[in-house]
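This report concerns only the one structure given below.
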Ligand code: AP5
Ligand code: MG
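In the numbering used here, the protein residues as written are 2 to 221.
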């Protein structure tokens, strides 16, 4: 299937996209993770993105689209789960046009709904493995004791000032494109509050609904 996770920073997109990718053997495509890798490798895209990323503002569309396109093409335009892309109207329009051109439209955009108070708790207590990029949460998913503590770091954009900025950017620039996805019949809202497993179960139900809707539309 071709799925995208949508939602505010800290909604659990990465956590749930990875769980789903593991279970379904789909490719997890996170533009945030690709930008962080490009920054580590000091590639031209990474260097161009660095200041935007660290401040918690969006990286310009053309840079992110290049990364997304490459990853989708590398995966033969199928069996992928996008995480954090698209998040502006130009990105959403570009993605739809690009996939339509190849006859491989998205099955659904799953929007994880989580209120701001919970987001702030999740992001301020998130910790990341510096080498593998695996996410932890100090209360709900603490880093295992056998990991060298010096490898468990906080993302620069998880500092309080950057969290506030990212939430503001989300509400101003990303949230409005929900109605675009709703209008074209792709959006499915999923309650993102609850345990990891509860949210995962709701996602499974939403995907089933998306699958039925997609094949019903093909038969019409
Ligand atoms: P990106 O890396 O995509 O970050 P984000 O969207 O801000 O989202 P996060 O990764 O912070 O949160 P998440 O929803 O993945 O939550 P997670 O699963 O980690 O983007 C970073 C930056 O890159 C952007 O600010 C921008 O600069 C740039 N960028 C990326 N894509 C772009 C694009 N398309 N256009 C332009 N710029 C772009 O969970 C968060 C925490 O909560 C974790 O600690 C987790 O363990 C915990 N948690 C998760 N689920 C639960 C649960 N059910 N209960 C309790 N805790 C939970
Ligand atoms: Mg993420």
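We put the beta carbon where it would ideally sit given N, CA and C, even for glycine. Here the structure is a predicted model, which is why all the values come from computation and not from measurement.
Check	Outcome
Nearer than 7 Å: is that true of the beta carbon of residue 31 relative to any heavy atom of the ligand ADP?	Looking for the ligand ADP in the displayed structure turns up nothing; the ligands present are the ligand AP5 and the ligand MG.
What three-state label does DSSP hand residue 97 in the structure shown?	helix
With respect to 7 Å, is the separation between the Cβ of residue 51 and the closest non-hydrogen atom of the ligand AP5 below this value?	no
Taking the beta carbon of residue 212 as the centre, do at least 16 other beta carbons fall within 10 Å, making it buried, or is it exposed?	exposed
Cβ atoms of residue 50 and residue 42: under 8 Å apart, would you say?	no
For the region 146-163 against the region 70-78, do three or more pairs of beta-carbon atoms, one drawn from each stretch, fall closer than 8 Å, so that the two count as touching?	no
For residue 26, list the residues DSSP reports as bridge partners.	DSSP, once it has assigned bridges, lists no residue as partnering residue 26.
Can you have a look at residue 133 and say buried or exposed, based on whether 16 or more other CB atoms are within 10 angstroms of its CB?	exposed
Would the region 112-123 and the region 83-99 be scored as touching if the rule is three or more Cβ pairs under 8 Å?	no
Does the ligand AP5 have a heavy atom nearer than 7 Å to the CB of residue 145?	no
Nearer than 7 Å: is that true of the beta carbon of residue 122 relative to any heavy atom of the ligand MG?	no
Considering only C-alpha positions, which residue in the set 145, 11, 203 is nearest to residue 171?	11
Residue 142: beta carbon under 7 Å from a heavy atom of the ligand AP5?	yes
I'd like to know if the region 179-188 and the region 142-158 are in contact, where contact means that at least 3 CB-CB pairs between them fall below 8 Å.	no
Assign residue 132 to one of three DSSP states: helix, strand, or coil.	coil
Candidates 149, 65, 152: which alpha carbon is nearest residue 31's?	65
Is residue 63 buried or exposed, if buried means 16 or more other CB atoms sit within 10 Å of its CB?	exposed
When the Cα atoms are used, what is the spatial distance from residue 2 to residue 149?	37 Å
In chain order, what residues of the same chain have a beta carbon less than 8 Å from the beta carbon of residue 189, not counting five sequence neighbours either side?	109, 110, 111, 112, 207, 210, 211
For residue 73, tell me which candidate among 117, 53, 94, 100 has the shortest Cα-Cα distance.	100
For the alpha helix (DSSP H) holding residue 62, just list the boundary residues, first then last.	62-75
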